[in-house]
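2 protein chains.
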Amino acid sequence: MSEQEPVPPPEESGRESSAPPEPGPPARRGRGRPRATRRRDQILDAALAEFGESGFQGASLAAVARRVGLSQQGLLHHFPSKEALLIAVLARRDEVDVRELDGLGDTAALTGLAERNTRRPGVVRLHSLLTAEGLTGDHPASAYVRDRYARVRERLAHTLRTEHGDRLPSGATPDQAAALLTAAMDGLQLQWLYDPDSVDMPDLMGLLTDVLRGAAPDPTPP
Amino acid sequence: MSEQEPVPPPEESGRESSAPPEPGPPARRGRGRPRATRRRDQILDAALAEFGESGFQGASLAAVARRVGLSQQGLLHHFPSKEALLIAVLARRDEVDVRELDGLGDTAALTGLAERNTRRPGVVRLHSLLTAEGLTGDHPASAYVRDRYARVRERLAHTLRTEHGDRLPSGATPDQAAALLTAAMDGLQLQWLYDPDSVDMPDLMGLLTDVLRGAAPDPTPP
DNA sequence: TGTTTTGCCGAATGACCGGTAGGTAAATTC
DNA sequence: GAATTTACCTACCGGTCATTCGGCAAAACA
Numbered sequence: 012m013s014e015q016e017p018v019p020p021p022e023e024s025g026r027e028s029s030a031p032p033e034p035g036p037p038a039r040r041g042r043g044r045p046r047a048t049r050r051r052d053q054i055l056d057a058a059l060a061e062f063g064e065s066g067f068q069g070a071s072l073a074a075v076a077r078r079v080g081l082s083q084q085g086l087l088h089h090f091p092s093k094e095a096l097l098i099a100v101l102a103r104r105d106e107v108d109v110r111e112l113d114g115l116g117d118t119a120a121l122t123g124l125a126e127r128n129t130r131r132p133g134v135v136r137l138h139s140l141l142t143a144e145g146l147t148g149d150h151p152a153s154a155y156v157r158d159r160y161a162r163v164r165e166r167l168a169h170t171l172r173t174e175h176g177d178r179l180p181s182g183a184t185p186d187q188a189a190a191l192l193t194a195a196m197d198g199l200q201l202q203w204l205y206d207p208d209s210v211d212m213p214d215l216m217g218l219l220t221d222v223l224r225g226a227a228p229d230p231t232p233p
Numbered sequence: 012m013s014e015q016e017p018v019p020p021p022e023e024s025g026r027e028s029s030a031p032p033e034p035g036p037p038a039r040r041g042r043g044r045p046r047a048t049r050r051r052d053q054i055l056d057a058a059l060a061e062f063g064e065s066g067f068q069g070a071s072l073a074a075v076a077r078r079v080g081l082s083q084q085g086l087l088h089h090f091p092s093k094e095a096l097l098i099a100v101l102a103r104r105d106e107v108d109v110r111e112l113d114g115l116g117d118t119a120a121l122t123g124l125a126e127r128n129t130r131r132p133g134v135v136r137l138h139s140l141l142t143a144e145g146l147t148g149d150h151p152a153s154a155y156v157r158d159r160y161a162r163v164r165e166r167l168a169h170t171l172r173t174e175h176g177d178r179l180p181s182g183a184t185p186d187q188a189a190a191l192l193t194a195a196m197d198g199l200q201l202q203w204l205y206d207p208d209s210v211d212m213p214d215l216m217g218l219l220t221d222v223l224r225g226a227a228p229d230p231t232p233p
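Protein chains in written order, with my numbering: chain A, 12 to 233; chain B, 12 to 233.
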């Protein structure tokens, strides 16, 4: 008899923690999820957390398994390989991501996104880590990141174009502004992760959008 | 007799390739560098390139050694450990960095820095990779990155303050602008590394500085 | 010339890692 | 209640990695 130590619950889930249960495959049995899927979700939560802390390369399957109170091979029963596990994590992340992207209908929504990110450092870490790791040759996250950049910039540029036409009041084109806003978001996340107190992400994102839209400076003197 | 294959010369050195030889310890012998130091520099060049391609965690000592036509143990004769090697790379990088930081006397210099970075993707990759890796617990680059952020932001804020006082025409404070400029630089580098053609770093950094300084939009219509 | 130092390599070590094979017990299905 | 599927484990394997040890030849030095 080996006692297992299923380590405390994960800090944040891939599915938005407070999101209403999706109207997909109907919940079977008394318990919430369709039996088999629950463990999978637990594992994905653990993987998200572990990859977020150590990166994909840095994390070991054993470490992920330990988080759910499983042996490494028990974990491999649910996901055939480490890479498959990452893919699954990203796929689930993608659902949320698409929803968030759709939410960027106006530029102010970026500030809201920044604020929400403040409350889920694990996800932000995962994103930052994978974006960098994806640069190294044939990393499983490369395509994901590249694709994500394209979508985000495109979506943002589209929004800006509908709001301001082919040139913002500041003189920037929608494409330029999109690239800058995306870059600022990523860069601020890094600074914030290193020193949360010195960087106010929502505030700075709001400032940048205002400035790019050519808003007049705040009339109230300091 | 085992033929070695010392792989072609590195694309870029840690010391600025065209910088004048430093007036430090006098060059001994006919050849340029003081005998022993030359191999060390070769190794550091190789390590910079390798770490830039695979990251610190992802790179192996053997791979670095191969680049200089050395065995892994031969390399360890010059640097006692992998970590020591990274530290040495960063220390050498620091010299250049300080010089570049001093060059940021006016905001326009940022555009110049972006342009120079376009010509040394290896260094940019190293920087991006290590910044992310440094987030993972007790990484040898953590302190370096944290410290670097502090210095860069401080230096930038100082420059902005001398140029514009306590508030830029755009309404941003020097500290805010410094954080945003730093973030944009980092973020643009990532986007640029993923897709060099779609992102014009110098152009966008120039645009951002202009916008933050509250410059009027370019009067010439598209 | 003899001695020491330097530069380097071959071999070995121990840790860890991802992944495979085979088995077992419980749950599910019939 | 029998058959099958699912969930998971123990044991194992081949590979890579950083690091250590001991030795050897060339260079530097005396």
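Using N, Cα and C, we set each Cβ at its ideal position, and we do this for glycine too.
Per DSSP, reduced to three states, the secondary structure at L86 (chain A) is helical.
Within a 10 Å sphere around the beta-carbon of S71 (chain B) sit fewer than 16 other beta-carbons, which makes this residue exposed. Rounded to the nearest whole angstrom, the CA to CA distance from T184 (chain A) to V210 (chain A) is 27 Å.
Rounded to the nearest whole angstrom, the C-alpha separation of D113 (chain B) and L201 (chain B) is 24 Å. Minimum Cα-Cα distance from H138 (chain A) among the listed residues A:A152, A:E126, A:T147 corresponds to A:A152. DSSP assignment within the stretch 139-204 of chain A yields the following whole alpha helix (DSSP H) runs of 4 residues or more, N-terminal first: 153-175.
Against chain B, the CB of Q53 (chain A) has no partner CB under 8 Å away; the residue lies outside that interface. Counting only runs of 4 or more residues that sit fully inside the stretch 60-104 of chain B, the alpha helix (DSSP H) segments are 72-78, 83-89, in chain order.
Distance between L97 (chain B) and E61 (chain B), taken at the CA atoms: about 11 Å. DSSP places R127 (chain B) inside the alpha helix (DSSP H), whose first and last residues are 119-129. Judged by DSSP secondary structure, V222 (chain A) falls within the alpha helix (DSSP H) whose first and last residues are 212-223.
Taking a Cβ-Cβ threshold of 7 Å, the residues of chain A close to S139 (chain B) are A143, L146, in chain order. Within chain B, no C-beta atom comes less than 9 Å from the C-beta of S82 (chain A); the nearest is roughly 24 Å away. Taken atom to atom, the span from the alpha-carbon of A143 (chain B) to that of P180 (chain A) is near 35 Å. When 8 Å is used as the limit between beta carbons, V109 (chain B) is near no residue of chain A, the shortest such separation being about 20 Å. Distances from the alpha-carbon of D214 (chain B) to those of A:A168, A:D186, A:A95, A:M212 put A:D186 closest. The Cβ neighbour count for Q53 (chain A), taken over all protein chains shown within 10 Å, is at least 16; the residue is labelled buried. Minimum Cα-Cα distance from D158 (chain B) among the listed residues B:Q68, B:T48, B:V79, B:V109 corresponds to B:V109. Secondary structure at A226 (chain B): coil, using DSSP grouped into helix, strand and coil.
In this structure, L191 (chain B) sits away from L223 (chain A), with a CB-CB distance that is not shorter than 8 Å. For the pair E64 (chain A) and G148 (chain B), the CB atoms are nearer than the 8 Å cut-off. In the three-state scheme derived from DSSP, where H, G and I count as helix and E and B as strand, L112 (chain A) is classed as helix.
Counting of Cβ neighbours within 10 angstroms places T118 (chain A) among the buried residues, the total reaching 16 or more.
Neighbourhood of S65 (chain B) in chain A, by CB distance below 7 Å: T147, in chain order.
A straight-line Cα-Cα distance of about 14 Å links A226 (chain B) and M216 (chain B). In chain order, Y205, D206 make up the part of chain B whose C-beta sits under 8 Å from the C-beta of R157 (chain A). Look at P132 (chain B) here: in three-state DSSP terms it is helix. Counting the other CB atoms within 10 Å of its CB gives R162 (chain B) a total below 16, which places it among the exposed residues. For G69 (chain B), the neighbours in chain A by C-beta distance under 7 Å run, in chain order, Q68, T147. Cβ contact annotation for D206 (chain B) (same chain, cutoff 6 Å, sequence separation greater than five): none. Here H175 (chain B) is buried. Its C-beta has 16 or more other C-beta atoms within 10 Å. Sorting A:L121, A:R136, A:A73, A:G123 by C-alpha distance to the C-alpha of L59 (chain A) places A:R136 at the top. Of the other Cβ atoms in all chains shown, fewer than 16 fall within 10 Å of the Cβ of T173 (chain B); this residue is therefore exposed.
In chain order, V163, R164 place their CB closer than 6 Å to the CB of T193 (chain B), counting only its own chain and leaving out the 5 sequence neighbours on each side. When C-alpha distances from E111 (chain A) are compared across A:V79, A:A125, A:F90, the shortest belongs to A:A125. Excluding the 5 residues flanking it on each side, R166 (chain B) has same chain C-beta neighbours closer than 7 Å at L112, L115, in chain order.
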